[in-house]
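J.:
Numbering (our numbering), first residue to last: 3 to 205.
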């Protein structure tokens with residue numbers, strides 16, 4: 003990949019957009035297909051969209067896509083109350099936290115050693131995923147109307163049950179993207195730059 007200060011080629015941006023879109027459809031549409039056991043990639047997709055697409059239009063595209071999938075799956079199952087509740091609009095804040103964290107932690111393999119990039123991304127992913135979880139989870143229990151008598155003790159037990167899973171889910175997808183990014187940057191882009199330098203120097 004190119005450095006943070008350089009824009010990606012349009013063809014590569016389109017490829018990233020297409021891959022993330024397919025990943026969203028493949029993992030978020032588990033409502034339609036019971037055979038799909040892939041963990042939801044939604045949170046990771048917003049993180050990666052911020053990291054690589056770096057455009058607010060990409061954020062709204064994926065938000066509208068999640069909304070369309072959720073409405074479609076709810077209509078298909080005839081159960082709009084399961085996920086489409088009065089707390090649903092708060093999800094945009096969860097996704098915004100992930101997108102923003104990804105935007106400011108894009109790896110720069112040309113200037114930083116790989117350990118620095120990995121630590122920066124891991125810390126941002128953990129913090130942003132935690133914020134996203136407490137926004138979505140807290141708003142659901144507080145505003146959905148499904149838990150009018152939920153005590154703090156009961157809420158804490160539910161947090162214990164779902165929090166770590168919400169952190170683990172995006173890790174696989176983000177790690178996969180970073181490995182691909184590093185491989186392309188280290189073995190292909192840098193090699194191409196060195197080859198061009200040798201040609202320009204007459205070697």
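Using N, Cα and C, we set each Cβ at its ideal position, and we do this for glycine too.
Here the structure is a predicted model, which means the values were calculated and not measured.
Please report the distance separating the alpha-carbon of residue 61 from that of residue 98.
T.: By 1-based counting over the chain shown, the position of residue 61 is 59. By 1-based counting over the chain shown, the position of residue 98 is 96. Spanning the two alpha carbons is a distance of roughly 8 Å.
J.: Assuming residue 139 is part of the alpha helix (DSSP H), what are its boundary residues?
T.: Locating residue 139 in the chain shown gives position 137, where the first residue counts as 1. Residues 116-145.
J.: Tell me, to the nearest whole angstrom, how far the beta carbon of residue 52 is from that of residue 103; I am working on the premise that it is less than 8 Å.
T.: The sequence position of residue 52 within the chain shown is 50, counting from 1. The sequence position of residue 103 within the chain shown is 101, counting from 1. About 7 Å; that satisfies the 8 Å criterion.
J.: Apply the 10 Å Cβ neighbour rule to residue 35 and answer buried if 16 or more other Cβ atoms are within range, or exposed otherwise.
T.: Start at 1 with the first residue of the chain shown, and residue 35 comes out as number 33. Because residue 35 carries a pLDDT of 42, less than 50, the predicted location of this residue cannot be relied on, and the following value inherits that uncertainty. Residue 35 should be labelled exposed.
J.: Taking the continuous alpha helix (DSSP H) assigned at residue 23, which residues delimit it?
T.: Taking the chain shown and counting its residues from 1, the one referred to as residue 23 is at position 21. First-last of the alpha helix (DSSP H) with residue 23: 12-30.
J.: First and last residue of the alpha helix (DSSP H) that includes residue 1?
T.: Only positions 3 to 205 of the chain appear in this structure, which leaves residue 1 out of reach.
J.: When the Cβ atoms of the segment 154-168 are set against those of the segment 18-29, are three or more pairs found closer than 8 Å?
T.: No: fewer than three Cβ pairs fall under 8 Å.
J.: What does the Cβ neighbour count give for residue 197, buried or exposed, with the cut at 16 atoms within 10 Å?
T.: Indexing the chain shown from 1 puts residue 197 at position 195. Unreliable positioning characterises residue 197 in this predicted model, as indicated by a pLDDT of 46, which lies under 50. The coordinate reading is nonetheless provided below. Classification for residue 197: exposed.
J.: So is residue 174 buried or exposed if we call it buried at 16+ other beta carbons inside 10 Å?
T.: Position 172 of the chain shown, counted from the start, is the residue given in the question as residue 174. Result: exposed.
J.: Please state whether the Cβ-Cβ distance between residue 180 and residue 123 is less than 8 Å.
T.: Mapped onto the chain shown, residue 180 falls at position 178. Mapped onto the chain shown, residue 123 falls at position 121. Yes.
J.: Please confirm whether any heavy atom of the ligand PLP lies closer than 7 Å to the CB of residue 158.
T.: Only the bare structure without any ligand can be found here, which leaves the ligand PLP out of the picture.
J.: What residue range does the alpha helix (DSSP H) around residue 186 cover?
T.: Here residue 186 refers to the residue found at position 184 of the chain shown. Here residue 186 belongs to no alpha helix (DSSP H), and DSSP marks it neither H nor E.
J.: Please check the pair residue 105 and residue 56, which I expect to be a contact at CB under 8 Å, by giving their CB distance rounded to whole angstroms.
T.: Translated into the one-based positions of the chain shown, residue 105 becomes position 103. Translated into the one-based positions of the chain shown, residue 56 becomes position 54. Residue 105 to residue 56, Cβ: 6 Å. Contact.
J.: In three-state terms, what does DSSP make of residue 163?
T.: By one-based count along the chain shown, residue 163 stands at place 161. Residue state, collapsed to three classes: helix.
J.: Residues in the same chain with beta-carbon distance under 6 Å from residue 145, minus the five sequence neighbours each way, listed in chain order, please.
T.: If you number the chain shown from 1, residue 145 lands on position 143. Excluding residues within five positions, the ones whose Cβ falls inside 6 Å are 88 and 89.
J.: Have a look at residue 125 and residue 118 and give me their C-alpha separation to the nearest angstrom.
T.: Position 123 of the chain shown, counting from 1, holds the residue named residue 125. Position 116 of the chain shown, counting from 1, holds the residue named residue 118. Each residue's Cα considered, the two are about 11 Å apart.
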